[in-house]
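Enquirer:
Residue numbers (the numbering used here), protein chains in the order written: chain A, 23 to 165; chain B, 24 to 170.
Structure follows, in structure tokens:
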């Protein structure tokens with residue numbers, strides 16, 4: 023389900039609106055993921071506090087959204103653009119790729135909550151496709 | 024057997040109590056049909072589904088959205104017997120409607136997003152966790168008679 027020009031335009035337009043709150047979105051989404059899908063906590067056993075709003079969650083939410091911002095700027099070549107991030111996830115972090123879908127769902131929930139007027143179904147579809155392609159690019163080096 | 028804490032029971036009743044079925048139902052089904060267009064395969068008799076605006080304005084979609092969401096009421100009122108509650112509905116979806124059960128998960132996810140959009144920050148992580156637990160039990164029940 024590759025990204026059409028319309029999808030890319032929709033993602034970029036939405037990103038322009040939401041990027042000032044990127045850090046908050048990242049922290050919220052990560053906190054929700056850890057709460058709603060407790061199995062994801064297995065990847066963060068080395069943190070002292072996994073609750074929503076905690077220091078480690080806020081910090082890492084920022085890191086993740088920084089990478090999403092980067093992905094938006096590289097939307098025309100996600101596989102190429104995310105190659106080193108894919109390498110990191112494949113060989114060092116070894117996150118099961120099924121979890122990318124879970125995180126994406128939570129980012130979408132938070133976008134809907136914080137920007138209700140900017141997230142009609144067609145935009146939702148393009149964003150859903152974007153995250154799916156992002157996840158695919160992130161999985162590229164796994165095997 | 025699914026176990027519900029008192030807090031979870033209260034949360035589910037509270038969220039359900041605030042959901043306007045006549046609004047949220049149509050919005051959710053329309054969103055599913057737009058975001059996951061292959062789901063349109065089940066609605067050949069619904070008329071014009073050719074664009075997002077057609078889907079959003081389609082009265083059959085709206086009516087069916089209300090039907091689907093109203094059916095959740097049975098589960099809310101019977102948290103300790105959801106599987107039994109949906110036994111017949113599960114058979115119907117499998118044998119007669121031939122719906123791929125993966126679609127139940129898509130609908131549940133879209134419903135969560137629509138509810139989050141309507142509730143804003145009141146839909147905090149703990150509420151989301153309980154709500155999604157509830158929906159995953161519903162989805163499992165609807166899938167339970169598929170063989």
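Cβ atoms here follow ideal geometry from the backbone N, Cα and C, with glycine treated the same way.
(1) Look at the alpha carbon of residue 94/A and the alpha carbon of residue 168/B, and state the distance between them as a whole number of angstroms.
(2) So, for residue 108/B: in the same chain, excluding its five sequence neighbours on each side, which residues have a beta-carbon less than 8 Å away from its beta-carbon?
(3) Return the residue from the list 30/A, 23/A and 160/A that minimises the CA-CA distance to residue 104/A.
(4) Which chain A residues are close to residue 98/B, counting only those with a beta carbon under 7 Å from its beta carbon?
(5) Take residue 121/A as the anchor and find which of 109/A, 76/A, 42/A and 55/A has the nearest alpha-carbon.
(6) Against chain A, does residue 58/B count as a neighbour if the rule is that its beta carbon must be under 7 Å from one of theirs?
(7) For residue 137/B, which residues of its own chain have a beta-carbon under 7 Å away from its beta-carbon, when the five flanking residues on both sides are left out?
(8) Just to confirm, are residue 105/B and residue 162/B a CB contact at a threshold of 7 Å?
(9) Name the residues in the region 53-65 of chain A whose C-beta lies less than 8 Å from a C-beta of chain B; which are they?
(10) For residue 44/A, I'd like the list of residues in its chain whose CB is within less than 7 Å of its CB, leaving aside the five on either flank, ordered along the chain.
(11) Against residue 45/A, what residues of chain B qualify as contacts under a CB-to-CB distance less than 7 Å, listed in chain order?
(12) Distance, Cα to Cα, residue 71/A vs residue 151/B?
(13) Check for me: the alpha helix (DSSP H) holding residue 124/A runs from which residue to which?
(14) Say whether the region 35-49 of chain A touches the region 78-86 of chain A, bearing in mind that this needs 3 or more beta-carbon pairs closer than 8 Å, one atom from each stretch.
(15) Residue 141/A touches chain B at which residues, Cβ-Cβ below 9 Å?
(16) When the Cα atoms are used, what is the spatial distance from residue 134/B to residue 120/B?
(17) Going straight from the alpha carbon of residue 75/A to that of residue 164/A, what length do you get?
(18) Report the option in 52/A, 24/A, 31/A and 35/A whose CA atom is closest to the CA atom of residue 132/A.
(19) Check each candidate in 81/B, 170/B, 166/B and 148/B and name the one with the smallest Cα separation from residue 60/A.
(20) Leaving out the 5 sequence neighbours to the left and right, which residues in its chain are closer than 8 Å to residue 78/A when beta-carbon positions are compared?
Expert: In this structure, then:
(1) Residue numbering aside, residue 94/A sits at position 72 when the first chain is read from its first letter. Residue numbering aside, residue 168/B sits at position 145 when the second chain is read from its first letter. If you take the alpha carbons of residue 94/A and residue 168/B, they lie about 43 Å apart.
(2) For the purposes of this step, residue 108/B is identified with residue 85 of the second chain, where counting begins at 1. Closer than 8 Å at the Cβ level, and outside the excluded window around residue 108/B, lie 97, 98, 101 and 164.
(3) The residue you call residue 104/A lines up with position 82 of the first chain. Comparing Cα positions, the closest option is 160/A.
(4) Within the second chain, numbered from 1, the residue matching residue 98/B stands at position 75. In chain order: nothing, as chain A lies at least about 19 Å away.
(5) Locating residue 121/A in the first chain gives position 99, counting from the first residue. Selected option, being the one with the closest Cα: 55/A.
(6) As a first step, residue 58/B is located in the second chain; it is residue number 35 there, counting from the start. Output row for residue 58/B: interface = yes.
(7) Stepping through the second chain from its first residue, residue 137/B is reached at position 114. Closer than 7 Å at Cβ, skipping near neighbours: 47, 50, 51 and 54.
(8) Residue 105/B sits at position 82 when you count from the first residue of the second chain. Residue 162/B sits at position 139 when you count from the first residue of the second chain. Their beta carbons are not under 7 Å apart, which means residue 105/B does not touch residue 162/B by this criterion.
(9) 53, 54, 57 and 58
(10) Taking the first residue of the first chain as 1, we reach residue 44/A at position 22. Here the set comprises 87 and 91.
(11) On the first chain, position 23 is the one that residue 45/A refers to. Chain B residues near residue 45/A: none, gap ~16 Å exceeds 7 Å.
(12) For the purposes of this step, residue 71/A is taken as residue 49 along the first chain, with counting starting at 1. For the purposes of this step, residue 151/B is taken as residue 128 along the second chain, with counting starting at 1. About 20 Å.
(13) Here residue 124/A is taken as the residue at index 102 of the first chain, counted from 1. Element bounds for residue 124/A: 120-136.
(14) yes
(15) Taking the first chain and counting its residues from 1, one reaches residue 141/A at position 119. By Cβ distance, chain B contributes 136 and 140.
(16) Here residue 134/B corresponds to residue number 111 of the second chain, with the count starting at 1. Here residue 120/B corresponds to residue number 97 of the second chain, with the count starting at 1. Cα to Cα, residue 134/B sits roughly 21 Å from residue 120/B.
(17) In the first chain, counting from the first residue as 1, residue 75/A sits at position 53. In the first chain, counting from the first residue as 1, residue 164/A sits at position 142. Looking at the two C-alpha atoms, the distance is approximately 31 Å.
(18) Mapped onto the first chain, residue 132/A falls at position 110. Comparing Cα positions, the closest option is 52/A.
(19) Within the first chain, numbered from 1, the residue matching residue 60/A stands at position 38. For residue 60/A, the nearest C-alpha among the options comes from 148/B.
(20) Start at 1 with the first residue of the first chain, and residue 78/A comes out as number 56. Excluding residues within five positions, the ones whose Cβ falls inside 8 Å are 66, 69, 70, 71 and 72.
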